[in-house]
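Scroll down for the structure; my scribbles are underneath it.
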Amino acid sequence: MGLLDRMRKEWFMLGIVLVIAAAKLEPSVGVKAGPLKPEITVTYIAVSAIFFNSGLSLKTEELTSALMHIKLHLFVQIFTLAFFPTAIWLFLQLLSITPINEWLIKGLQTVGCMPPPVSSAVILTKAVGGNEAAAIFNSAFGSFLVSNIKCLSWRGQHIIY
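As numbered in mature numbering (1 follows the signal peptide of the UniProt record, and there is no 0), residues -23 to -1, 1 to 138 make up the sequence shown, in order.
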């Protein structure tokens, strides 16, 4: 396999490396209130664009077929939203007896409660030839419906209906 073929195959990883290198060379472009306005573009435009593009590439039959994989969705949601946060919580119990800052531990607990980023879940699933429709469903479900409630409940906050 030639270098050009390898670069075509690994375009996503190559893109990540290039973006990281560009950010290292010129970090002022991506700062808050900078030229890219990440507080707007990342929060609203990028996530919406990923879902929109993924939705356009799916056939209706694929999406309805993916919704029928109940066992897959249960496994993904339980692993992502119950098993992994519990494992992180147990690990943080060990860290709490060390001199690590309490706020760092709380931050790690908060991050441990969150589902994987939508962009990672959908794009990486597509890149490896996985079930993209199931990834879209699980990302949307985990990100929009569950993570906010779970994050608040794990932090001891009350949810007001």
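Where a beta carbon is used, it is the ideal one built from N, C-alpha and C, also for glycine. If you're wondering where the values come from, they're calculated on a predicted model, not measured in any experiment.
Cβ-Cβ distances below 6 Å link residue 110 to 35, 39, 40, 43 in the same chain, with the five nearest sequence neighbours on each side left out; the list follows chain order. Cα atoms of residue 30 and residue 75: separation of roughly 45 Å, rounded to the nearest angstrom. Our two residues, residue 79 and residue 68, have alpha carbons roughly 14 Å apart in a direct line. Unbroken beta strand (DSSP E) stretches of 3 residues or longer found wholly inside the stretch 2 to 40: none.
Counted as a single uninterrupted DSSP element, the alpha helix (DSSP H) harbouring residue 109 occupies residues 109 to 117. Between residue 93 and residue 63, the beta carbon gap of about 16 Å keeps them out of contact (Cβ cut-off 8 Å). For residue 74, the secondary structure class from DSSP, reduced to helix, strand or coil, is coil. When rounded, the separation of the alpha-carbon atoms in residue 86 and residue 20 is 22 Å. Taking C-beta separations shorter than 8 Å and ignoring five residues to either side along the sequence, the partners of residue -23 in its chain run -15, following chain order. The straight-line gap separating the alpha-carbon atoms of residue 2 and residue 114 is approximately 36 Å.
Rounded to whole angstroms, the Cβ separation of residue 72 and residue 82 is 6 Å, and the two are in contact under 8 Å. If the five residues before and after residue 12 are omitted, its C-beta is found closer than 7 Å to the C-beta atoms of 6, all from its own chain and listed in chain order. Residue environment for residue 10: exposed (fewer than 16 other C-beta atoms within 10 angstroms of its C-beta). In the same chain as residue -7, and ignoring 5 residues on each side of it, no C-beta atom comes closer than 6 Å to its own. Per DSSP, the unbroken alpha helix (DSSP H) holding residue 53 starts and ends at 47 to 55.
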